[in-house]
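Colleague: Take this structure first; my questions come after.
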Amino acid sequence: MTIVRHRFHALCPYFAMFPENFAETWIERLTRPGDLVLDPFCGRGTTPFQALLMGRHALAGDINPVAFCVTKAKTNAPPLPALLRRLTFLENRFEPSHWEGERRRLPEFFRWAYCPSTLRQVLFMRATLNWIGSKTDCMIAALILGSLHGETEKSPSFLSSQMPHTISTKPLYSIRFWKERSLRPPDRDVFELLRQRAHFRYASPLPDGEAMVYHDDFRELPRRAQKLVGRPRCVITSPPYFDVTNAEEDQWLRLWFLGGPPFPTATDKSGDCRHGSLTGFWDLISDIWRSLSRVMDNKADVVIRLGGKNLEPEELVRGLQATSVFGRRKVELLHHEVSALKNRQTNSFRPGSKGLAFEVDCHFRMS
Ligand SMILES: C[S@@+](CC[C@H](N)C(=O)[O-])C[C@H]1O[C@@H](n2cnc3c(N)ncnc32)[C@H](O)[C@@H]1O
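For what it's worth, numbering that gives the first Met the number 0 labels the leading residue of the sequence shown as 0, then goes sequentially.
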């Protein structure tokens, strides 16, 4: 068992993230070194990163660009010297006056959130980083995502005025909050802060190997998995919870940094993030079984952590079991466990996520 927490784990928070010891316990129990571990809803990438740390191979995907960027950065990390060289190169290319016009055109929120010199640097990084195509730029982008907003009054690691580190609060609410308290944004140098954060994160050694990470709907998993040499031995995952959050809205500022619009949207591109209807939710879960049954190894283990607003734990377990028939493979529930959500991380994201009182962990065997 790992004793010291690897510093990459906390690179960037994520809604409904599970703790690394959840992934670690199941990887230890169900796999051997060299096995392939899958997480098709990888969020901040805990399962694939922990799998690499334990000498396993990993395949991970997510539809959310923030999840993709953070997971890819952790599991395909560049060496620290390359990262520092790239930061110096970018710093030397940065010309503040080029970014002033764009800074001024941004909505009012940004002027309250960031001091002008910081925002010009953020805009330059946003436009310049090739985070999809380059490992080094992906790690720099992930470090920025982890520092983009947070509790500035407590820590100098954040670029914004006082905000939660977890979700991006809405513009009108945020501006009112800052005005009422006469809060001014801190004067941070993005390049200097990134160097500090990089040294801090890289204090833990990098794992051997890299994960295969894709940015896609989980229904594309069978197509993505065609390229694999072996088949996944186990899945450790948590699909979107029923009616709990809209990740697009709650992460709007991080999504903006990755190329999205400068305001919150809730278009629910995948249609899966926050269901109004239970039918839609169970359709999604049925599709998961369909996808998994096409890619998993014989006698594979599937561990699912699931939650839902105003749903009883037994309803979740029964639903998971009932929908498993859509995979057309034999699926047996070996074990399940219910945990009450007291002081869990979902509270720190949305203290108001009322009705989400439980999570269930189910262990299935698919033959
Ligand atoms: C409960 S969170 C997973 C959190 C993750 N276990 C962690 O520790 O960070 C569910 C994830 O499912 C992703 N998701 C939602 N709909 C999806 C879809 N259709 N295909 C792939 N991923 C999807 C969301 O973007 C979110 O990252």
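By construction, the Cβ of each residue, glycine as well, lies at the ideal position given by its N, Cα and C atoms.
Tell me whether Glu331 is buried or exposed, calling it buried when 16 or more other Cβ atoms sit within 10 Å of its Cβ.
Modeller: Position 332 of the sequence shown, counted from the start, is the residue given in the question as residue 331. Residue environment analysis places Glu331 among the exposed positions, since fewer than 16 neighbouring C-beta atoms fall within 10 angstroms of its C-beta.
Colleague: Helix or strand or just coil, what does DSSP make of Phe93?
Modeller: Counting from one through the sequence shown, the residue named residue 93 turns up at place 94. Coil.
Colleague: Just to confirm my understanding: we take Ala50, look at its own chain, exclude 5 residues before and 5 after, and list those with CB closer than 6 Å. What are they?
Modeller: By 1-based counting over the sequence shown, the position of residue 50 is 51. Correct list, in chain order: Ile26, Val36, Ala57.
Colleague: With DSSP collapsed to three states, give me the class of Gln161.
Modeller: Stepping through the sequence shown from its first residue, residue 161 is reached at position 162. Three-state result, Gln161: strand.
Colleague: Hey, Pro170 and Phe108: beta-carbon distance below 7 Å or not?
Modeller: As a position in the sequence shown, residue 170 is number 171, starting the count at 1. As a position in the sequence shown, residue 108 is number 109, starting the count at 1. In this structure, Pro170 lies near Phe108, with their beta-carbon atoms less than 7 Å apart.
Colleague: CB Arg119 to CB Arg102, shorter than 7 Å?
Modeller: As a first step, residue 119 must be located in the sequence shown, where it is residue number 120. As a first step, residue 102 must be located in the sequence shown, where it is residue number 103. Yes, Cβ-Cβ distance for Arg119 and Arg102 is below 7 Å.
Colleague: In or out: Pro350 buried (at least 16 other Cβ within 10 Å) or exposed?
Modeller: Translated into the one-based positions of the sequence shown, residue 350 becomes position 351. The pLDDT assigned to Pro350 is 48, lower than 50, so where the model puts this residue is not dependable; a value taken from the coordinates is nonetheless given after this. Burial call: exposed.
Colleague: Identify whether Leu205 lies in helix, strand or coil by the three-state DSSP scheme.
Modeller: By one-based count along the sequence shown, residue 205 stands at place 206. Reduced to three states, the DSSP call for Leu205 is coil.
Colleague: Could you tell me whether the Cβ atoms of Leu147 and Arg253 are closer together than 7 Å?
Modeller: Within the sequence shown, residue 147 is the residue found at index 148, counting from 1. Within the sequence shown, residue 253 is the residue found at index 254, counting from 1. Against a cut-off of 7 Å, the Cβ pair of Arg253 and Leu147 comes out as a contact.
Colleague: For Val324, does the three-state DSSP call read helix, strand or coil?
Modeller: On the sequence shown, position 325 is the one that residue 324 refers to. Helix.
Colleague: Answer yes or no: do Met138 and Ala72 have a C-beta to C-beta separation smaller than 7 Å?
Modeller: Counted from its first residue, the sequence shown places residue 138 at position 139. Counted from its first residue, the sequence shown places residue 72 at position 73. In this structure, Ala72 lies closer than 7 Å to Met138 by Cβ.
Colleague: Do Pro12 and Thr165 come within 7 Å of each other at the CB atom, strictly closer than that value?
Modeller: Numbered from 1 along the sequence shown, position 166 holds the residue referred to as residue 165. Numbered from 1 along the sequence shown, position 13 holds the residue referred to as residue 12. Going by C-beta atoms, Thr165 is nearer than 7 Å to Pro12.
Colleague: With a Cβ-Cβ cutoff of 7 Å, do Glu46 and Asp38 count as a contact?
Modeller: Taking the first residue of the sequence shown as 1, we reach residue 46 at position 47. Taking the first residue of the sequence shown as 1, we reach residue 38 at position 39. In the sequence on display, residue 46 carries Thr and not Glu. Contact flag set, yes.
Colleague: Give a single yes or no on whether Met211 has its beta carbon closer than 6 Å to a heavy atom of ligand 1.
Modeller: If you number the sequence shown from 1, residue 211 lands on position 212. Taken from the Cβ of Met211, every heavy atom of ligand 1 lies 6 Å or farther away.
Colleague: Near Phe325, which residues of its chain fall below 7 Å by C-beta distance, leaving aside the five closest residues on each side in sequence?
Modeller: Working through the sequence shown from its first residue, we reach residue 325 at position 326. Ser285, Trp288, Arg289.
Colleague: For Cys361, count neighbouring C-beta atoms within 10 Å of its own C-beta (all shown protein chains included) and say buried if the count is 16 or more, exposed if not.
Modeller: Residue mapping note: residue 361 aligns to position 362 of the sequence shown, counting from 1. The residue is buried, with at least 16 neighbouring Cβ atoms inside 10 Å.
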